[in-house]
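Novice: Those sequence lines, one after another, are chains A, B and C.
Position 27 of the first sequence, counted from 1, bears residue number 402 in my numbering, the numbering being contiguous throughout.
Position 363 of the second sequence, counted from 1, bears residue number 393 in my numbering, the numbering being contiguous throughout.
Position 181 of the third sequence, counted from 1, bears residue number 352 in my numbering, the numbering being contiguous throughout.
C-beta: ideal position from N, C-alpha, C; glycine also.
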Amino acid sequence: MAENLRVNPIQCTGHGVCAELLPELVTLDEWGYPIIDPRPVPPALDRDARRAVAACPTLALRLLRSEQPARSG
Amino acid sequence: MSTAVNESAPGGAARHHAGLPRLLPAAPEDLHAHLARYGPTPYQRRPGVLIAAVETAGLTGRGGAAFPVYRKLDVVARAGLRQGRKVVVANGAESEPASRKDEMLLRLAPNLVLDGLQLAAEAVGATEAHLYLHYAPGPQILRALAERASRGLDRLGVTVTQAPPRFLAGQETAVVNRLGGGPALPTFQPPRVTERGLGGAPTLVQNVETLAHLALIARYGPRWFRAVGTGDEPGSMLTTIYRPDTKAHIREAAIGTPLSALLGAIDGASDGGVQAWLVGGYHGTWLPVPDAAGVTLDNASLARFGAAAGAGVLAALPSDRCGLTETARVTGYLAAESAGQCGPCLNGLPRIAAALAELAGFKGPGHRRRTVADLERWSGLVEGRGACHHPDGTVRFVRSALTTFAPEIARHARGQCSATERRPYLPLPDGLPAREEDWT
Amino acid sequence: MNTAFWYASRATGIVALLLLTAVLVLGILVNRQGRLPGLPRFAVTDLHRNLSLLSVAFIAVHVLTAVADTYVHIPLVSAVIPFASGYERFWLGLGAVSLDIMLAMIVTSLLRGRLNRVLWRAVHLLAYASWPIAFAHSIGSSKDLQQGWMLILAIGCAMIIVAAVIWRLAHAAQQVPRAGRVAAVFAQHTASAARRHRGTVAR
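Dropping the structure here:
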């Protein structure tokens, strides 16, 4: 049951809490927005990932099951 | 705004290829002429038949994304509840400023599009049909709808909505957003509109040209459709062509047609006129000529240059223009048309556009190196990080310009420009968005 | 025993007011992406949420001890049903209103992922109503807060809230509407580019 971290870029306002709580998978770009590792979340980081998702002030960070197709054209 | 010319008229210059033109008659056809040529709308009456035919035909979307049509139809047909609401939308927003083919199709053969809309609705079990247009509906469309209604040809009433003149207005989620009463701004997926779209119902959004092809496949079958085109990319597509010596024109071309046949041959003698080809519109790719001279109008061939056919915009850039300046102009437009909803796109695209404008200015080689480095960094930062593909397409366009116009960039760094003609070449609309109402 | 309950109710009430003041200020700080010196960003969010739960805990004790105290009759339900108490009907009623709003805010926040975003935000904005109502309840029903250093404490809290709300409103006034954001980025970038290249000589 692989899960991927994804951010809703419309909801995200760049608080940066996710990058603090999950630096292994999230870094911030030069404007403060998260760059998320696209690979599935390793089991060891699962708890931290859930904590980061819960801590997001705008609930922009989500954990999605396996490979959901991304945006369309 | 110059009117594009239809070059596909029977007997016209494009008639060299057997089986063409398929979509565009010489003059606008009203319902009477349409019925005389094609007969009534061929409702299938049995589920799955049309979808199977479309699968065999290999029809892909003609709105730019080239997604297999049968897959979208299938997903929407299976989605939701048996008796639930389902929506089909004919997308005629044609938000790409350089594209005029949907406008031409809707003017000349609206009934073909409307047939396709009804057939797609039947295939997925839709309860609601919409037509989404770039301009206020023209007399041909309105008359076609009225005539079809009075003859009881349409199973579903069609609601016509006008899109705002924004680049993103034709994006699938923006269409659904607008039809739902909101602004024509993209929304985040998941959920996909095919699962939860307009009012939460599974929604099929299909380009008007795609629907026209579908209406013909329903009549003549998949084998007929595959009689032109390539094995992997069958059929024909409408292209909007810009050549230095002519006005913009629309031409229906078989997929796989050499670009030189559409844009003019490039050889030692006559390439004095053209320096590069733009394929796929403003989210497309600049191809260097003569390197790309042998490329054909199919994604397999175009992929070798990192290009794709998109919605069929093909432009030959004259040698007397500056490719860097053209790119900077268009990128400025693309940046201004950002929805401004996603941090990376909002921050990155204006900076990328400004950097290109600086490269087009004459600021010295040191400045050029820093600016190109910034450009490359920003391009990497925006790609894939928006809710839609706007940043990705813009980056593809810009990167191809950095490669194709590298010599020109170097010239500008030395304070020179090879252009002798300053008038802009690629078309851009007037009026950039400034207020919230500009998206509704 | 009664006196103990009464004192406990007054004390927990005051602490609750202080905590709620902190919670509202922290909420504004989260919204403004502000930082607490020396603390990471997630601390602001977590403190805001945790202190709000702690406040409710203190309010629970505040209510239960007031009910347990038999010197005056305060029915338990008057904690959530406004104006249902015989004793100090109006001022206690305000407390109930404020608590009701707080409970709605907490429940909607716990269920936030499943709720419509607009609904969550609308309920959460009621915080700006809940605090003043709690403040009025505090001053009106407690003689403690009406004099001496407790009064100064209460006024101090009010001034902090006013300052925080002004800060919040000022930001809201400066916010560029979505339609103008791209233009704002262009302008900001042009200005900083001009500063950077002031020394460069164009050929």
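Are the segment 345 to 358 of chain B and the segment 463 to 470 of chain B touching by the rule of at least three beta carbon pairs closer than 8 Å?
Specialist: No contact exists between the segment 345 to 358 of chain B and the segment 463 to 470 of chain B.
Novice: How would you write the range of the beta strand (DSSP E) that B:Ala159 sits in, first residue to last?
Specialist: Taken as a continuous stretch (DSSP letters only), the beta strand (DSSP E) holding B:Ala159 covers Glu158 to Leu163.
Novice: For the segment 205 to 223 of chain C, list every residue whose C-beta sits within 8 Å of some C-beta in chain A, in sequence order.
Specialist: Listed by position along the chain: Pro211, Arg212, Phe213, Thr216 and Asp217.
Novice: Using only CA atoms, which one of B:Leu54, B:Ser331 and B:Gln236 lies nearest to B:Glu124?
Specialist: Taking only the C-alpha atoms, the option nearest B:Glu124 is B:Gln236.
Novice: How do the segment 176 to 188 of chain C and the segment 220 to 239 of chain C stand: do at least 3 beta-carbon pairs fall below 8 Å, yes or no?
Specialist: The segment 176 to 188 of chain C vs the segment 220 to 239 of chain C: in contact.
Novice: On the CB-based measure, 16 or more other CB atoms within 10 Å of its CB, does B:His279 come out buried or exposed?
Specialist: Counting Cβ neighbours within 10 Å, B:His279 comes out buried, since at least 16 surround it.
Novice: Over the uninterrupted alpha helix (DSSP H) stretch that includes B:Pro140, give me the two end residues.
Specialist: Looking at the DSSP string, the run of the alpha helix (DSSP H) that includes B:Pro140 is Pro140 to Val154.
Novice: Suppose the cutoff is 6 Å on Cβ atoms and the five residues either side in sequence are ignored; what does the same chain contact list for B:Ala366 look like?
Specialist: So the qualifying residues of the chain are Leu462.
Novice: How long is the line joining the alpha carbons of B:Pro259 and B:Gly88, rounded to whole angstroms?
Specialist: Strictly speaking, residue 259 of chain B in this sequence is Gly, with Pro absent from that position. Answer to the nearest angstrom: the Cα atoms are 11 Å apart.
Novice: Could you give the DSSP three-state label for B:Tyr68: helix, strand or coil?
Specialist: Note: B:Tyr68 maps to helix in three-state DSSP.
Novice: Report yes if the C-beta distance between B:Leu144 and B:Ala174 is below 9 Å; otherwise report no.
Specialist: Yes, these two residues count as a Cβ contact at 9 Å.
Novice: Should A:Glu378 be flagged as near chain C, meaning a C-beta pair shorter than 9 Å?
Specialist: No, because no Cβ of chain C sits closer than 9 Å to the Cβ of A:Glu378.
Novice: Give me the Cα-Cα distance between B:Thr189 and B:Pro167, rounded to the nearest whole angstrom.
Specialist: Each residue's alpha carbon lies about 11 Å from the other.
Novice: At a cut of 8 Å, does the segment 416 to 434 of chain B reach the segment 370 to 378 of chain B through at least three beta carbon pairs?
Specialist: They touch, by the three-pair rule.
Novice: Could you tell me whether the segment 252 to 272 of chain B touches the segment 99 to 112 of chain B, where touching means 3 or more Cβ pairs closer than 8 Å?
Specialist: With the cut-off at 8 Å, the segment 252 to 272 of chain B and the segment 99 to 112 of chain B do not touch.
Novice: Is B:Arg415 close to chain A? Criterion is C-beta to C-beta, closer than 9 Å.
Specialist: At least one chain A Cβ lies under 9 Å of B:Arg415.
Novice: Looking only at DSSP bridge pairs, what is B:Met267 linked to?
Specialist: DSSP output for B:Met267 lists B:Ala283 as bridge partner(s).
Novice: Whose CA, out of A:Leu380, A:Leu436 and A:Pro413, lies closest to the CA of A:His390?
Specialist: Closest option to A:His390, Cα to Cα, is A:Leu436.
Novice: Which residues in the same chain as B:Thr224 place their Cβ atom closer than 8 Å to its Cβ, once the five residues preceding and following it in sequence are excluded?
Specialist: Lys102, Val105, Val106, Ala109, Pro232, Thr233 and Leu234, listed in sequence order.
Novice: Cβ of B:Thr157 within 9 Å of Cβ of B:Leu186?
Specialist: Yes.
Novice: Quick one: which residues of the segment 333 to 366 of chain C get their C-beta closer than 8 Å to a C-beta of chain B? List them in chain order.
Specialist: Against chain B - using a Cβ distance shorter than 8 Å - the residues of the segment 333 to 366 of chain C are Pro348, Arg349, Ala350, Gly351, Arg352, Val353, Ala354, Val356, Phe357, His360, Thr361 and Ala364.
Novice: Are three or more beta carbon pairs between the segment 423 to 442 of chain A and the segment 208 to 228 of chain C nearer than 8 Å?
Specialist: Output reads yes: the segment 208 to 228 of chain C touches the segment 423 to 442 of chain A.
Novice: If I measure Cβ to Cβ from B:Gly146 and keep anything under 6 Å in the same chain, skipping five residues before and after, which residues do I get?
Specialist: Excluding sequence neighbours, B:Gly146 sits near Leu241, Ala242, Leu244 and Ala245.
Novice: Could you work out which residues of chain C lie near B:Ser368, taking near to mean beta carbons separated by less than 8 Å?
Specialist: Per Cβ cutoff of 8 Å: Val353.
Novice: Nearest by alpha-carbon distance to C:Ser312: which of C:Met276, C:Leu324, C:Glu259 and C:Ala293 is it?
Specialist: Nearest C-alpha to C:Ser312: C:Glu259.
Novice: For the segment 386 to 415 of chain A, which residues have a beta carbon sitting closer than 8 Å to at least one beta carbon of chain B?
Specialist: Listed by position along the chain: Gln386, Cys387, Thr388, Gly389, Asp404, Glu405, Trp406, Gly407, Tyr408 and Ile410.
Novice: At the level of alpha carbons, what is the spacing between C:Gly264 and C:Leu188?
Specialist: The straight-line gap from Cα to Cα measures roughly 16 Å.
Novice: Does any C-beta atom of chain B lie closer than 9 Å to the C-beta of A:Leu439?
Specialist: Yes - at least one Cβ of chain B is within 9 Å of the one on A:Leu439.
Novice: Any C-beta of chain C sitting closer than 9 Å to the C-beta of B:Pro463?
Specialist: Answer yes: the Cβ-Cβ gap between B:Pro463 and chain C drops below 9 Å somewhere.
Novice: Sort out for me which residues DSSP pairs C:Asn287 with in a bridge.
Specialist: Answer is none; C:Asn287 lacks a bridge partner.
Novice: Identify every residue that forms a DSSP beta bridge with A:Ile410.
Specialist: Note: A:Ile410 sits in a beta bridge opposite A:Thr402.
Novice: Does B:Ala206 pass the burial test, meaning 16 or more other C-beta atoms within 10 Å, or should it be called exposed?
Specialist: Note on identity: in this sequence residue 206 of chain B is Val, with Ala being the wrong assignment. With 16 or more Cβ atoms within 10 Å of its Cβ, B:Val206 is classed as buried.
Novice: First and last residue of the beta strand (DSSP E) that includes B:Thr233?
Specialist: Thr233 to Asn237 is the span of the beta strand (DSSP E), which, as asked, contains B:Thr233.
Novice: Taking all protein chains shown into account, decide if C:Asn287 is buried (16 or more other Cβ within 10 angstroms of its Cβ) or exposed.
Specialist: Exposed, since its Cβ has fewer than 16 Cβ neighbours within 10 Å.
Novice: Where does B:Leu175 fall in DSSP's three states?
Specialist: The answer is helix: DSSP assigns B:Leu175 an H, G or I state.
Novice: Rounded to whole angstroms, what's the CA-CA distance from C:Gln346 to C:Gln359? Just pull it up for me.
Specialist: The alpha-carbon atoms of C:Gln346 and C:Gln359 are separated by roughly 14 Å.
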